[in-house]
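A short write-up of the structure that comes next.
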Amino acid sequence: MELDPFQKDALAEFGNIGAAHAATSLSEMLMSPIEMTVPEVRAIDIADLHKHISNEISAIVVFQIQGEVADGGYVVVSMPKETVIYLTNKMLGTTDIDREINEMDQSAAIEIGNIMISAFLDATAELLGIVMLPSPPALAIDMAHAAFESIIAQVASDVNDVLIFNTELTSEVPPVYGGIYMLPNTALTQQLFCMLEQLVEPLS
């Protein structure tokens, strides 16, 4: 899928509205100022997704898209191990970074994933007028490639395109990174891009 400049700008706006919502909620949870931006948005064919996934241990939090678009596909938060441990340490006031992901990190990953995706889908309602709600999350701690292969196997018959929102979180230390991957089914993809086109028409 190729995005024209207007579609790319509209998706970036969509992502940054969601990021602003998420940053506010994360700041409250972590009791520390957090900024979140979406410096890059991509739309790719699902067959090419493996080219955009790092091969490192990550926390993968998976939600089914519900609401007005029942069974609309999936949305996934992917956070590298370092990001998960950093955010858990921020939450608990600890400093141990040289360790494996533990149960506390897993709980934090689910909570952070919930916040990010709820904010992300709220942005959809705000910008496009489609109410999308997240299902209860499923968590995998695995090599990112392996986790996404499992997701693709479940959705490949209904999903052709993937929207990738690369995220950057900053606090008082260097930024940490993650990604939001939206895997809408064919019907939702058409609906999203129809509404994006309507959104950018007044600007063209």
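So that you can map any letter, position 196 of the sequence shown is 204 in our numbering, and since no number is skipped, the others follow by simple counting.
A virtual CB, placed ideally from N, CA and C, is assigned to each residue, including glycine.
Just how far apart, CA to CA, sit Q72 and V170?
Q72 and V170: Cα-Cα distance of roughly 14 Å.
P41: buried (16+ other C-beta within 10 angstroms of its C-beta) or exposed?
Exposed: under 16 other Cβ atoms inside 10 Å.
Alpha carbon to alpha carbon, how far is V69 from T91?
Each residue's Cα considered, the two are about 13 Å apart.
M140 lies in the beta strand (DSSP E); which residues open and close that run?
Residues M140 to P142.
My assumption, with CB atoms under 8 Å, is that N193 sits in contact with G75. Please give the rounded CB distance.
That pair is no contact at about 14 Å.
Given this structure, state the Cα-to-Cα distance separating S86 from S115, to the nearest angstrom.
Looking at the two C-alpha atoms, the distance is approximately 14 Å.
Going by beta-carbon coordinates alone, are I109 and K89 separated by less than 8 Å?
Contact flag set, yes.
State the DSSP-derived secondary structure class of L136, mapped to helix, strand or coil.
L136: helix per DSSP, three-state reduction.
Helix, strand or coil for I123, going by three-state DSSP, please let me know.
Three-state DSSP puts I123 in a helix.
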